[in-house]
Amino acid sequence: MNQKPSRFAYQARRHLPERIIQGILFLAAFSAVAVTIAIMVILVYESLGFFTHVSIFDFLTDTQWTPLFSDKHFGVLPLVTGTLVVATVALSIAIPLGTIIAIYLSEFAPHRVRETVKPFLELLEGVPTVVYGYFALLFVTPLLQTFIPDLPGFNMLGAGIVMGIMIIPYVSSVSEDAMRAVPMHIREGSYAMGATRFQTATRVVTPAATSGIVAAYILGISRAIGETMVVAVAAGSQPNLTLNPMEGAATITAYIVQVSLGDLPHGSLEYQSIFAVGLVLLLMTLLFNVLGHLLRKRFREVY
Amino acid sequence: MSNITDPKITAIRALIVKHKRWDQVFAIIGLLSMMVGVVTLIALFIDLLIDGSGRLTWQFFTSFPSRHADQAGILSSWVGTILVMLVTALSGVPLGIAAGIYLEEYASRNWITDLIEINVTNLAGVPSIIYGLLALGLFVYQFDFGESVLTAGLTLGLLILPVVIVGTREAIRSIPSSIREGAYAVGATKWQTIRDHVLPYSTAGIMTGVIIGMARAIGETAPIITIGALTFIAFLPPSPVTSQFPFLSFDWLMAPFTVLPIQMFSWVSRPQVAFLDNAAAAGVVIIVMTLAMNALAIVIRYRFRKRIKW
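So the sequences go chain by chain: F and D.
For the working numbering, count along the first sequence from 1 and bump the result up by 517.
For the working numbering, count along the second sequence from 1 and bump the result up by 8.
Laid out in structure tokens, this is it:
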């Protein structure tokens, strides 16, 4: 009898490549998990080496960070305050401007204006950060020095201002998304009561979108903390325990850059120290990122 | 008509007019706020152009860095940038697109998918310098790739992974399911459907994500500094094309290198003023490259949106 090839054989031939492809694609997707694990493993492993030489208590409470001097101190506080001061300056620019822009784009701007200006804002995000560093050091700081004559050449104020402008698009686009997610009928209800656009925007839409807007701020904070080149170029490289933005101070990221520029022997304490501060940086950004995403998720689910 | 002149009505009208004035005030404030961003962008570009235009000559593109500011150029750094971008494009882009396809087309709702998605969003928020630390520990010392083109390219490949994944997913999601159902109805398998329908139709969207990712990688400085890339490179990596069989050489992968943003950073941190002009000129080159790529992405997205109506 002339045997026909079984249907099932045919399917197996057809399905095997399908499965292989699916497996490959899965591995590609899983690489995101692998990268996260690799980051954690590397940072924790090298930090453990660091903490066998430096006690965690000293690391968290000492007020000096002088790993490159002969009298070594490993207190992370000056780096953390430097990071937070720059981030605060940046956010005091980015939050008000970003929020106003978001409200304007979502509630006020005519379609034409939005379509023309938004690409510009996106371009602002595309400029490499080292270029912003140059701009902060050689344009904004001299400009500030005409108002504040005794501002040093390296200072956190100039770096923070430029960083703030840099993260405006980030804050504004996430906030705008949150405001646009507020359904139209809520606005219409407000207009029906005789409210003006401004009243609707500030008293109805903004409160309704609060969690999304706060998420935008938090993601902006995390962005400002992790930003490297602007501060490495313009904020100075001297660890300095101060809350005064007029002074120069190293941030966590600037310290990592500074050490990396030198010839660091593998396994030395300086080498391990950048992983330890890197871990601090990662935990700080992780905290803000998780918080931001939780809030963002919330505003998505409300309507 | 008594109610037009009714004092109550006039009072309310006056009130509304007063409140409406705030609409106009706010519209102006909003426009001004946006202008802060736009003006900064323009000021930054003009500042760089004024400082750097004197150095933007042919010689600048064909010279190695030098101790003498007026003889220094960006030959080794633009060649380095191209080679590093090649590695990035070959590693990060296929990986990201594949991951995006999996998450959008194959992944079922379970904890593994959730885990992957959480990690992708999380990686997008990890500061770039952390990728540099990862590369320093993993690629430079564990895998022993050294401070090479390969290390830098792979690092940036990982860095752009979330951008490419998100771009791919958005592009694929915009394809209506009727397209897929049509393909299944005529007997196509899942992969045939994806290969012959989903991917071709979402190419423009995927390209947007890829270009934005690559533009980000070109300007990225911090992770490359962290892997310990030298800043003074007065030679080119070995050529990928050789005169002897098999005509291709991969020695360049392991070569030391420099890239444009690193070159700019090393010039900015020099105390001599003359080098600052070089930095500005290098900045103009970088900014033109990244802005051109971003603009291209915006144009592609815009045209894609306009042309295709499902």
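We put the CB at the ideal spot given by N, CA and C, even for glycine.
| Asked | Found |
| --- | --- |
| According to DSSP, is Phe890 (chain F) helix, strand or coil? | In this structure chain F extends from 518 to 820, so residue 890 (chain F) is not present and cannot be described. |
| Thr727 (chain F) to Arg704 (chain F), Cα distance in whole Å? | 15 Å |
| Using a C-beta cutoff of 9 Å, does Glu563 (chain F) count as contacting chain D? | yes |
| Per the contact definition of three or more C-beta pairs closer than 8 Å, is the segment 749 to 769 of chain F in contact with the segment 629 to 639 of chain F? | no |
| If I measure Cβ to Cβ from Val606 (chain F) and keep anything under 7 Å in the same chain, skipping five residues before and after, which residues do I get? | Met673, Leu674, Gly677, Ile678, Gly681 and Pro762 |
| Where does Met9 (chain D) land, buried or exposed, given buried means 16+ other C-beta within 10 angstroms? | Low confidence applies here, because Met9 (chain D) scores a pLDDT of 48, under 50, leaving its location unreliable and the question unanswered by this model. |
| Which chain D residues are close to Arg714 (chain F), counting only those with a beta carbon under 7 Å from its beta carbon? | Asp31 |
| Just the C-alpha distance for Arg75 (chain D) and Thr580 (chain F), rounded to the nearest angstrom, thanks. | 39 Å |
| With distances taken Cα to Cα, identify the nearest neighbour of Tyr110 (chain D) among F:Glu535, F:Leu596 and F:Ile573. | F:Glu535 |
| Report, in whole angstroms, the separation of the C-beta atoms of Thr768 (chain F) and Val748 (chain F), which I expect to be a contact under 8 Å. | 5 Å |
| At least one CB of chain F closer than 9 Å to the CB of Pro264 (chain D): is that the case? | no |
| Taking Cβ-Cβ distances below 8 Å as the criterion, which residues of the segment 682 to 709 of chain F are in contact with chain D? | Ile682, Ile685 and Pro686 |
| Give, in chain order, every unbroken run of the alpha helix (DSSP H) that is at least 4 residues long and sits entirely within the segment 593 to 648 of chain F. | 594 to 620 and 628 to 643 |
| Run through the DSSP bridge pairs and tell me what Trp582 (chain F) is partnered with. | F:Phe591 |
| So is Asp59 (chain D) in contact with chain F if we call contact Cβ pairs under 9 Å? | yes |
| Which residues mark the beginning and the end of the alpha helix (DSSP H) in which Gln67 (chain D) is found? | Trp66 to Thr70 |
| Spell out whether any CB of chain D is found under 9 Å from the CB atom of Val552 (chain F). | yes |
| Within the segment 667 to 735 of chain F, note down every full beta strand (DSSP E) run reaching 3 residues or more, in order along the chain. | none |
| With 8 Å as the limit, tell me which residues of the segment 635 to 647 of chain F have their beta carbon closer than that to any beta carbon of chain D; keep them in chain order. | Pro636, Phe637, Leu638, Glu639, Leu640, Leu641, Gly643, Val644, Pro645, Thr646 and Val647 |
| Got a sec? Which residues, its chain only, sit under 8 Å from Phe652 (chain F) by beta carbon, not counting five neighbours each side? | Val679 |
| Which residues of chain F have a Cβ atom closer than 8 Å to the Cβ of Met215 (chain D), listed in chain order? | Ordered by position in chain F, no residue passes the 8 Å Cβ test against Met215 (chain D), which lies about 16 Å from the chain. |
| Quick check: Phe656 (chain F) and Asp55 (chain D), are their CB atoms within less than 9 Å of each other? | yes |
| Anyone know if the C-beta pair for Thr48 (chain D) and Leu533 (chain F) falls short of 9 Å? | no |
| By alpha-carbon positions, which one of F:Ile556, F:Pro659, F:Leu803 and F:Ile559 ends up nearest to Gly743 (chain F)? | F:Leu803 |
| Report the neighbours of Leu131 (chain D) on chain F: residues whose CB is nearer than 7 Å to its CB, in chain order. | Ala549, Val552 and Thr553 |
| Are the beta-carbon atoms of Trp30 (chain D) and Thr578 (chain F) separated by less than 9 Å? | no |
| Ignore the nearest five residues each way along the sequence and tell me which others in Arg278 (chain D)'s own chain have a CB closer than 6 Å to its CB. | none |
| Check whether the Cβ atoms of Thr646 (chain F) and Thr229 (chain D) sit closer than 9 Å, and answer yes or no. | yes |
| According to DSSP, is Arg117 (chain D) helix, strand or coil? | coil |
| Flag Gly743 (chain F) as yes if its beta-carbon sits less than 9 Å from any beta-carbon of chain D, otherwise no. | yes |
| Please determine, among D:Lys198, D:Gly145, D:Val46 and D:Gly213, the residue with the shortest C-alpha to C-alpha distance to Leu614 (chain F). | D:Val46 |
| Can you give me the start and stop residues for the alpha helix (DSSP H) that Glu178 (chain D) sits inside? | Val157 to Arg181 |
| Would you call the CB atoms of Ile214 (chain D) and Ile180 (chain D) closer than 9 Å? | yes |
| Would you give the residue range spanned by the alpha helix (DSSP H) that Gln755 (chain F) belongs to? | Element bounds for Gln755 (chain F): n/a, residue is neither H nor E. |
| Pro246 (chain D) to Pro264 (chain D), Cα distance in whole Å? | 10 Å |
| With a 10 Å radius around its C-beta and 16 neighbouring C-beta atoms as the bar for buried, classify Ile24 (chain D) as buried or exposed. | exposed |
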